[in-house]
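Read through the structure below, which is laid out as structure tokens, and then see the notes.
Residue numbers (my numbering): 110 to 259.
Structure (structure tokens):
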């Protein structure tokens with residue numbers, strides 16, 4: 110092998126190595142994104158499950174009462190119906206008892222509950238629940254569901 114052939118093979122090898130390492134760096138840099146998205150989805154699902162377990166109307170009211178007629182609860186541990194969650198803003202995921210969930214303190218959670226007509230049902234019988242979770246990278250995950258009077 111001559112000196113020119115050796116130099117050419119070293120240059121070609123260097124270009125190939127640089128391309129391979131560049132691709133691996135790009136893949137590695139995005140590797141955490143799916144984990145953040147999955148955690149945000151799990152947080153949104155947990156909040157939605159908690160909300161769905163609540164009664165449609167305030168327990169002190171008649172079952173046929175307007176869904177958001179009762180007074181709002183003072184704190185999340187006192188929430189006793191779906192509408193109490195409207196406007197909830199948490200910085201860091203928190204369980205139903207108000208305990209912060211370890212390592213999820215950088216997530217922002219917001220909840221909106223609005224009466225809305227849906228699938229032929231009147232707005233007084235349907236609540237649209239939106240849980241938005243924003244992970245540290247800023248790409249929000251929105252989970253929307255409907256809770257009906259049954």
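Positions of the beta carbon are idealized from the N, C-alpha and C atoms, including for glycine.
Per DSSP, residue 255 is one residue of the beta strand (DSSP E) stretching across 250 to 257.
For a cut-off of 8 angstroms, the C-beta gap from residue 216 to residue 171 is around 38 angstroms, too long to register as a contact. Residue 218 carries a strand assignment under DSSP once its states are collapsed to helix, strand and coil. Here residue 133 is exposed. Its C-beta has fewer than 16 other C-beta atoms within 10 Å. Here the alpha carbons of residue 128 and residue 183 stand approximately 58 angstroms from one another. Taking C-beta atoms under 8 angstroms as the contact rule, residue 195 and residue 179 fail to qualify, at a distance of about 12 angstroms. Residue pairing of residue 240 in beta bridges, as defined by DSSP: 220, 252.
For residue 153, the three-state secondary structure derived from DSSP is helix.
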